[in-house]
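Structure first, commentary second.
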Amino acid sequence: METELLTPDEAGLQKAAGLIREGQVVGMPTETVYGLAADATNRDAVAKVFAAKGRPMDNPLIVHISSMEELEQAVSRVPELVASLADAFWPGPLTMIMPKSERIPMETSGGLDTVGVRMPSHPVAQALIRTAGVPIAAPSANRSGYPSPTTAQHVLADMQGRIPAILDGGACSCGLESTVVTFDDDRTVRILRPGFVTKEMLLEHVPNVVIDPAIFRQVSASEKVASPGMKYKHYAPNAAVTLVEGSPELFRQFLALQQADGVYALIFDGDAEQFPYPHMTYGGTSIEQGRQLFARLRELDQIGAKTVYVRMPQKDGVGLAVYNRLIRAAGFDIVHLSPRI
Numbered sequence: 283m284e285t286e287l288l289t290p291d292e293a294g295l296q297k298a299a300g301l302i303r304e305g306q307v308v309g310m311p312t313e314t315v316y317g318l319a320a321d322a323t324n325r326d327a328v329a330k331v332f333a334a335k336g337r338p339m340d341n342p343l344i345v346h347i348s349s350m351e352e353l354e355q356a357v358s359r360v361p362e363l364v365a366s367l368a369d370a371f372w373p374g375p376l377t378m379i380m381p382k383s384e385r386i387p388m389e390t391s392g393g394l395d396t397v398g399v400r401m402p403s404h405p406v407a408q409a410l411i412r413t414a415g416v417p418i419a420a421p422s423a424n425r426s427g428y429p430s431p432t433t434a435q436h437v438l439a440d441m442q443g444r445i446p447a448i449l450d451g452g453a454c455s456c457g458l459e460s461t462v463v464t465f466d467d468d469r470t471v472r473i474l475r476p477g478f479v480t481k482e483m484l485l486e487h488v489p490n491v492v493i494d495p496a497i498f499r500q501v502s503a504s505e506k507v508a509s510p511g512m513k514y515k516h517y518a519p520n521a522a523v524t525l526v527e528g529s530p531e532l533f534r535q536f537l538a539l540q541q542a543d544g545v546y547a548l549i550f551d552g553d554a555e556q557f558p559y560p561h562m563t564y565g566g567t568s569i570e571q572g573r574q575l576f577a578r579l580r581e582l583d584q585i586g587a588k589t590v591y592v593r594m595p596q597k598d599g600v601g602l603a604v605y606n607r608l609i610r611a612a613g614f615d616i617v618h619l620s621p622r623i
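Just so we're aligned, residue 283 is where the sequence shown starts under this note's numbering, counting upward by one.
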């Protein structure tokens, strides 16, 4: 199979939508990361998504919709807090977990009675969902465990020969997967995966928000967790990644002791001028770091990095999402040079 890059014009959208209706899988741009789009109601199509990614079958897929009317087809009950969150953040990078409808097969939900649903804001994603006429299951369009793709070229690198087509919608504006939330009760939202919709933003619309502690620790394969995806390795390049907490000066001193062939640093933009060792930068703010992180990890693989030391980001706002992706990319290998002040 030769994978075709499609322009997101009317002809490209019609071809991609036709493939989805036929039970095929298509690379789809969203504002977060590129997804592997398939008909969420078609068991065989969903199986092709898992096969293309090499994804564990108990790791659920997020269902993407283009209207609130489509939400009623995907879920059997809408929790009380959903309306206010949808008004505030849809279309956008927020996934909400709800009881699934019978129309969504267990293959899509990873064997669970619930399903995560999102309304993406990317115009190409919106147009594809409308044109296909079905809810679309779309996990990130990368080999399972590898950094998520933020350009069509990233998808092609991972999926060449595995899927028939990719819609090229340009670089993703967020660069990190959506925030995922579930509902503990009619007042409390639980964050299962941090993203560009932050705890602080959610608190402007709901009474209480908690962050699931499993976000920050390694979870065993046998452990029961709120989100099965927490059990698996994610976001990791081929190079070994270590996250390093410390000031710019301490980080430079630490890197001086690590110098060897294939050792690189991933640092903040503002640190680059005084950093004498092989490195890449990944932004100066949390939003920039979220947008650039996965692309930089892929670039480091391309230049032959064997070991990457990453200066730890802030752990608040969007920085919490960047931190979450990095600790998982690093397999929780963290060096603390000094307490953060």
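Glycine included, every Cβ here is placed at the ideal spot set by N, Cα and C.
**Item:** Best match in Cys456, Asp440, Ala439 and Gly398 for proximity to Gly404 [C-alpha to C-alpha]
**Value:** The sequence shown places His at residue 404, rather than the Gly named in the question. Residue Cys456 is the option with its Cα nearest to His404.
**Request:** Round the Cβ separation of Gly309 and Ile448 to the nearest angstrom and send it over; I've been treating them as touching at under 8 Å.
**Result:** Sure, about 3 Å apart at Cβ, within 8 Å.
**Asked** What's the gap between the Cα of Ala603 and the Cα of Pro489?
**Response** In this structure, the CA atom of Ala603 is about 22 Å from the CA atom of Pro489.
**Request:** Could you check the C-alpha separation between Pro387 and Pro560 for me, to the nearest Å?
**Result:** Going from the Cα of Pro387 to the Cα of Pro560 covers about 49 Å.
**Request:** Give me whichever residues DSSP pairs with Phe536 in a beta bridge.
**Result:** Paired residue(s): none; Phe536 is not in a bridge.
**Prompt:** What residues in its chain sit with their C-beta under 8 Å from that of Val492, if we drop five residues either side in the sequence?
**Reply:** Asp466, Thr470, Val471, Arg472 and Ile473
**Item:** Cut-off 7 Å between Cβ atoms - residues of its own chain near Ser358, not counting five sequence neighbours on either side
**Value:** Pro381, Lys382 and Ser383
**Request:** State the Cα-Cα distance for the pair Ser426 and Asp450, rounded to the nearest angstrom.
**Result:** 21 Å
**Item:** Segment limits, beta strand (DSSP E) that includes Pro696
**Value:** Residue 696 is absent from the model: the chain starts at 283 and stops at 623.
**Item:** Assigned secondary structure, Leu602 (DSSP; H/G/I helix, E/B strand, else coil)
**Value:** helix
**Asked** Which two residues bound the contiguous alpha helix (DSSP H) that contains Ile569?
**Response** Note, Ile569: alpha helix (DSSP H), Ser568 to Gln584.
**Request:** Could you tell me whether the Cβ atoms of Tyr591 and Gln540 are closer together than 8 Å?
**Result:** yes
**Message:** For the beta strand (DSSP E) containing Phe465, name the first residue and the last one.
**Reply:** Where Phe465 is concerned, the enclosing beta strand (DSSP E) starts and stops at Thr461 to Phe465.
**Item:** Cα-Cα separation between Thr563 and Thr480, rounded to whole angstroms
**Value:** 24 Å
**Request:** Excluding the 5 residues preceding and the 5 following Ala299 in the sequence, name in chain order all residues of the same chain whose CB lies nearer than 7 Å to its CB.
**Result:** Cβ within range, chain order: Leu410, Thr413 and Ala414.
**Prompt:** Should Val232 and Thr432 be called a contact, given that it needs their Cβ atoms to be closer than 8 Å?
**Reply:** Past the edges of the chain, shown from 283 to 623, lies residue 232, and the structure says nothing about it.
**Item:** Sequence-distant residues of its chain with Cβ nearer than 6 Å to Ile623 (five each side left out)
**Value:** Annotation note: pLDDT 48 at Ile623 (below 50); position unreliable, no value reported.
**Spatial neighbours of Pro402 in its chain, beta-carbon cut-off 7 Å, leaving aside the 5 residues before and after** = Thr312, Glu313, His346, Pro373 and Gln408
**Message:** Buried or exposed, going by whether 16 or more other CB atoms sit within 10 Å of the CB of Thr289?
**Reply:** Exposed: under 16 other Cβ atoms inside 10 Å.
**Message:** Please state the DSSP three-state secondary structure of Ile623.
**Reply:** The pLDDT assigned to Ile623 is 48, lower than 50, so where the model puts this residue is not dependable; a value taken from the coordinates is nonetheless given after this. Coil at Ile623, not helix or strand.
**Asked** Using the C-alpha atoms, what's the distance from Ala420 back to Lys335?
**Response** 11 Å
**Request:** Kindly give me the distance between the Cβ atoms of Phe533 and Leu458, rounded to whole angstroms, as I take these residues to be in contact under 8 Å.
**Result:** That pair is no contact at about 23 Å.
**Item:** Pairwise C-alpha distance: Phe498 and Gly613
**Value:** 11 Å
**Message:** I need the DSSP call for Arg593, collapsed to helix, strand or coil.
**Reply:** strand
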